[in-house]
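Before any comments, here is the structure.
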Amino acid sequence: MKRNNLFLLFIILAFSLGLNGKAFCFDLESRVIKTKLKNGITVLIMERHISPTVSLYIRHRIGAVDEDKGETGAAHMLEHMMFKGTKTIGTKNYAAEKKILEAIEKTGAVLDKEKQKGDKANAKTIEELSSRLRKLQDKHKKYFIPNEIDRLYTQNGGLDLNASTGHDVTTYQVSLPANKLELWARIESDRLLNPVFREFYTERDVVMEERRQRTETNPAGKLYEQFMSVAFSTHPYRNPIIGWPQDLMRLSPAAMKKYFEKYRAPHKTVIAVVGAINPEQTLKLIEKYFGAIPPSKEIKNIIAPEPKQTEERRTEIIFDASPAMIIGFHKPNPPAYDDYVFDVLETILADGRTSRLYNLLVKQMQVAESVSAYNGLPASLYPNLFAIFASPRHPHTNAELENIILRELERLKTEPVTEEELTRAKNQLRMNYIKSLDSNARIASILSYYEVLLGDYRYFSDYLKNIDKVTAQDIQNTATNYLKKENRTIATLDRKKE
Amino acid sequence: MLAKKILNFSFIFLLITAIFPGAASAADSRMIPPDKINFPALKFDLLPAERLVLENGIIIYILEDHELPLVNIEALVRTGSIYDPEGKEGVADLTAYVMRTGGTEKLTGDEVDRRFDLLAASAAVSMHTDYATVDFSALSKNTEEGIDLLAQIITAPAFEKNKLELAVQLKKEELRRLQDDPQRLAFREFNRLIYRNNPRGRMFSSASLSNIDREDLINFHRRFFQPNNIMFAVTGDITKEQAINLFTKYFGKWKKGTPANQTSLPAPTLQAGLYFIDKDIPQSTIVCGQFAPGKHDPDYYAFTVLEFITGSGGFNSRIFDAVRNNKGLAYSAGSLYRPRSTFGLFVAYAFTKTSSTMQTLSLINTILDDIKRGTLTANELDWAKQSINNGFIFSFSSVQDIAWQQMKSEFEKMPPDYLARYRERIEKVTLEDLNRLAGLYLDKSNNIVLILGDYENFDKPADINAEPVIIKPQE
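Residue numbers (the working numbering), protein chains in the order written: chain X, 1 to 498; chain D, 499 to 973.
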């Protein structure tokens, strides 16, 4: 939650660029111990003695897609609230606190209601309620100890304590000296059993600042948000994870409780432990602490599929910044075979200085400052997008880049990619895969991600085998099937015309 | 790695553990207060990297690890953008970039690109203010081909003219786009202010980039890229013998020289003040700071602790807790400490909406005042020392980290026991040290304060009445 919440997806994408080699086979399956607790939580453990540390990931198959209409931003807000402690962590007297928290919630709800009247709101009422809220908040401060979760982890040597909310998945992570495993089990199981959502209204202001920082003042953030909201017409992938401002301003503690119930469904929870630990003892510890979470019924979250796109969509942002653009195409999500083909295509088009688009736009024609391609935006549980991001180099324009990029994409349909390009791409994917295995945190991240998303981390261990199957013909077919005008969305950002 | 013998240089970490016997036998042992968990001791040896010197002066740290078929090489070079010729700011950066892209005596730039991509190997040279780094990685089956390419880039770059021209154009575009990134722009302009009239504050501009030609890069490379001016850390799936052989083969003929980085730079002098940069956006970037102890100063350890409590120690550090947690004024707020060899830099920052800009600055000032008044507690001191010392192990969580830490310690001319005794020196820091340093380095009236934002609409709290100077970012 300190960093990278929205952009977790980019990190995951980087992870998904893996491969399993002919020359190299890092046998994950023989090293990962997978267990299901009685309540349904899946536990993945990998012993790794490079250093006396351990990386711990908890992922929930709950994210922004699970939000109800008018409540965008709730999953991310809840992730922030999960750092506010529990009934036994961060309190001086929970019984006294509870009463004040209830009063804060009531006052906050009335105040929000009045503020939503906009021009018709009564300024005096707002002032009175705000003042009452402030007094209650000050009173509450006497009964709780702020930042206890962070304090405990930090003081015990915790590294990269963080959480992130994606469209599909929410994650809580930390790395610790290996002897501090029980601290993690104590804190994390408690915040799944007895969380207390303190300081809600102040934290909502923090999230508003987060939105200003990531979106309102950031041309790339603005462009991306607008692009997604047009590329998807009905599917919740169209909503920003951080929430639309009008929804964010209305979020309530009650909404937090509703989403928390979804979160804690054990059958949608995956824990990964990678590092210098004893697997048996670790599992016992996890059973002791997390076994107390009650099992829950499967509640099917029915999300209508995005209707098939039938004509090109365009959107233009006016922003005082240098121009940039995104072109995206709808496509299937993993584990569909076409998704692997797009991973190879992404590499051929934009990974490295000799990749097609970088070489052409940046090095040869010198019309772009940068170009990149991403397969799998904005997330991977539902059909998603293949997208190309490009920024023109002054005085060149988005329109020029668009012409060249679209021409190059057309060429993929008529000419097969060369053997050298295919070999290069597969080598690069293999290299990225191997690099992703070089730290406890990265391994824990990948294992838990695929397990929670696809129900099986072996998507990752089998990844390279599938990539190796991809042929030049596959790329040509995939380009023909998906890189079509009626399947694309183009978003551009430009300064106001003088 | 486990099968190998422990070399005589080894640091032993015994992580501090609080022992409360019997605490775990409470009614529900799952509800044990987290501070009372009885943690097992963590005792271990770290296998250090081995240090070698080749005949031409190249220093190499080597540490094997065969878990993955991967070889990593990192290097540090004594150079930096501080050596940019006056009026030609950008030469250092361009030298680093075009070394990688502009070909070698044997291969064109395009051919180097092609070979690296085909091998899926990567190499990058990055220039910093007072050093440069090299990062290289390859699959171990391609180690020799990769090191051959790396050696060509470092020892015999060709600096092709068209690749320089492309790099200059891309740099100019980077400058244009810098205007769109409030945080990067504010920090760059803050550096220009705090390093006024000092080589560290000279930054490339569109005009200075236009003055640079190929000869400048050739000269810059010749002055600094010499075997006795670079250190390597070689780690991963490579044996010591293999590393020595390959480095001798590909770097052995590289001739020793007299590096040009011996000149001692003037220390920067402080000129406090309040500065605004106008930008019509809904969130302001506040950056304020002053000079602090350098890495060789005996106060380096105590200031590390002080600054941790002030703003870099996460949620409980004072700025983060007050600005973000207590007031909800920012998502990002805190401080950073950049210790250099002869001086350091302390910077506090926060990004907040236009209407709470001056309120946030005022809050940061109040926090600094409070600390200076001696309000730090023994609890805070303990928390900070334990946090820093317990987390120290993560500086050594891979062979790459271990070799890098050792190399960096030598590069920065730290005492030989620096890493081994770091935790002990942190442990010795007292509350008196913190109070003394707060008086010296956290005086708000010494701060340079830069705020980028929609300044006409800033709030106007009563306690800030300094007259701001409006500046324009460099183009």
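C-beta atoms are modelled at their ideal positions from N, C-alpha and C, and glycine is treated no differently.
Between residue 902 of chain D and the set D:527, D:558, D:777, D:535, the nearest pair of CA atoms involves D:558. Buried is the label assigned to residue 53 of chain X, since at least 16 other Cβ atoms lie within 10 Å of its Cβ.
Within chain X, no C-beta atom comes less than 7 Å from the C-beta of residue 955 of chain D; the nearest is roughly 14 Å away. By the Cβ rule, the segment 282 to 294 of chain X counts as touching the segment 26 to 46 of chain X, because three or more pairs are nearer than 8 Å. Residue 262 of chain X counts as buried, since no fewer than 16 other beta carbons sit within 10 angstroms of its beta carbon. Collapsing the DSSP output to three states places residue 862 of chain D in a helix. The beta carbon of residue 280 of chain X sits no closer than 8 Å to any beta carbon of chain D. The segment 422 to 494 of chain X is shown to contain whole beta strand (DSSP E) runs of 3 or more residues at 488 to 494, in chain order. For residue 778 of chain D, the chain X residues whose Cβ falls inside 9 Å of its Cβ are 320, in order along the chain. Between the alpha carbons of residue 159 of chain X and residue 152 of chain X lies a distance of about 12 Å. By the Cβ test, the segment 707 to 722 of chain D is in contact with the segment 652 to 659 of chain D, since at least three Cβ pairs between them sit closer than 8 Å. In the structure shown, residue 739 of chain D adopts helical secondary structure according to DSSP, grouped into three states.
Note on geometry: alpha-carbon atoms of residue 535 of chain D and residue 150 of chain X lie some 16 Å from one another. Between the alpha carbons of residue 240 of chain X and residue 839 of chain D lies a gap of roughly 44 Å.
Contacts with chain X at 8 Å (Cβ-Cβ) include residue 829 of chain D. Around residue 380 of chain X, the same chain offers 168, 333, 334, 453 as residues with beta carbons nearer than 7 Å, after the five sequence neighbours per side are excluded. Closest option to residue 468 of chain X, judged by alpha-carbon separation, among X:445, X:428, X:485: X:428. Residue 856 of chain D places its beta carbon less than 8 Å from that of residue 962 of chain D.
The Cβ atoms of residue 223 of chain X and residue 326 of chain X sit closer than 8 Å to each other. Under the 8 Å criterion on CB atoms, residue 142 of chain X is classed as non-interfacial with respect to chain D.
Relative to the Cα of residue 200 of chain X, the nearest Cα in the group X:214, X:228, X:253 belongs to X:253. Residues of chain X with a Cβ closer than 8 Å to the Cβ of residue 877 of chain D do not exist, since the nearest Cβ in that chain sits about 10 Å away.
DSSP places residue 534 of chain D within a helical segment (H, G or I) once states are collapsed to three. Contact between residue 478 of chain X and residue 345 of chain X holds: their C-beta atoms lie close to 7 Å from each other, under 8 Å.
Judged by beta-carbon spacing, residue 944 of chain D lies within the 8 Å limit of residue 770 of chain D, meaning their Cβ atoms are closer than that value. Only exposed fits residue 280 of chain X, as fewer than 16 other CB atoms lie within 10 angstroms of its CB.
Straight across, the Cα-Cα distance linking residue 132 of chain X with residue 207 of chain X is about 22 Å.
Its chain contains 304, 306, 307 as the residues whose beta carbon lies nearer than 7 Å to that of residue 234 of chain X, once the 5 sequence neighbours on both sides are disregarded; these appear in chain order. Residue 417 of chain X: not part of any alpha helix (DSSP H); DSSP gives it neither H nor E.
Across the structure, residue 676 of chain D and residue 763 of chain D are spaced so that their CA atoms are roughly 28 Å apart. By the neighbour-count definition (other C-beta atoms within 10 Å, threshold 16), residue 448 of chain X is a buried residue. Within its own chain, the residues whose Cβ lies closer than 8 Å to the Cβ of residue 646 of chain D, once the five positions on either side in sequence are excluded, are 748, listed in chain order. Neighbourhood of residue 152 of chain X in chain D, by CB distance below 8 Å: 532, 533, in chain order. Counted as a single uninterrupted DSSP element, the stretch harbouring residue 585 of chain D is not any beta strand (DSSP E), since DSSP gives it neither H nor E. Per DSSP, the beta-bridge partners of residue 330 of chain X are X:385. DSSP places residue 725 of chain D within a helical segment (H, G or I) once states are collapsed to three.
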